[in-house]
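Heads up: the structure comes next, in structure tokens.
Protein chains in written order, with the working numbering: chain A, 9 to 123; chain B, 381 to 497.
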């Protein structure tokens with residue numbers, strides 16, 4: 009079983025719709041969770057971070073964390089063509105927080121927002 | 381603005397050349413930085429953890445003599461691809477944590493696209 013799993017997609021949604029991206033992780037002790045966006049040929053860009061169970065909203069983005077189910081998701085409201093990219097879920101090892109620590113990445117979900 | 385600077389953004393050179401890539405944290409100190417490589421349409425692969433003032437920690441299968449890492453200061457890590465060959469052509473990306481405080485996420489440099497002819 010992979011440590012961090014994501015559906016590779018592509019996930020296609022129409023413009024204006026809600027895109028829902030999902031991620032599961034195997035390390036029950038993980039405490040820090042991140043979503044990165046990566047455009048083709050570019051490096052990853054941090055979109056959201058979440059550390060506690062529940063929802064965290066930032067503009068059109070909402071991250072959701074359920075530690076009991078070992079599940080983290082990213083919702084993108086009012087999807088735009090410019091949101092078309094690969095979205096990477098990343099998790100820090102169990103019992104460790106902080107930016108100086110190794111992240112475990114999922115393989116990413118490709119999102120396509122169609123006109 | 382960018383918090384992690386990576387240079388150069390693109391390198392094209394002949395086989396056998398050694399190539400140095402720099403990664404700088406711009407407004408924070410980073411005792412740890414990370415180096416990744418990514419092939420087209422593939423996921424990020426962690427190569428090594430760069431530790432300030434000590435040896436880098438390499439992931440399994442990564443040749444430490446091939447990919448030399450130096451982290452001589454709290455704001456600079458370098459990756460040198462020694463005697464590069466066409467199979468080393470890839471997208472190399474560094475990352476660093478946003479400070480020493482807990483829960484600060486890592487930020488990535490813009491990456492270096494290396495092409496070996």
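C-beta atoms are modelled at their ideal positions from N, C-alpha and C, and glycine is treated no differently.
Listed along the chain, the chain B residues whose CB falls inside 7 Å of the CB of residue 111 (chain A) are 486.
Rounded to whole angstroms, the Cβ separation of residue 384 (chain B) and residue 494 (chain B) is 18 Å, and the two are not in contact under 8 Å. Residue pairing by DSSP places residue 387 (chain B) opposite B:402 in a beta bridge. Ranked by Cα distance from residue 22 (chain A), the first of A:51, A:92 and A:114 is A:92. In this structure, the beta-carbon distance from residue 72 (chain A) to residue 66 (chain A) does not fall below 7 Å. What residue 424 (chain B) touches in chain A, judged by beta-carbon distance under 8 Å, is 52, 96 and 113, going in chain order.
DSSP places residue 452 (chain B) in the uninterrupted beta strand (DSSP E) bounded by 447 to 453. Following the DSSP letters along the chain, one finds residue 487 (chain B) inside the beta strand (DSSP E) bounded by residues 486 to 488.
Close CB contacts of residue 456 (chain B) within its chain, under the 6 Å cut and outside five residues either way in sequence, are with 404 (chain order). Looking at B:390, B:389 and B:409, the one whose alpha-carbon comes closest to that of residue 451 (chain B) is B:409. By the rule that beta-carbons nearer than 7 Å mark a contact, residue 57 (chain A) touches chain B. Annotation for residue 98 (chain A): 12, 41, 42, 43, 44, 111, 112, 113 and 114 place their beta carbon closer than 8 Å to its own, counting only its chain and skipping 5 residues before and after.
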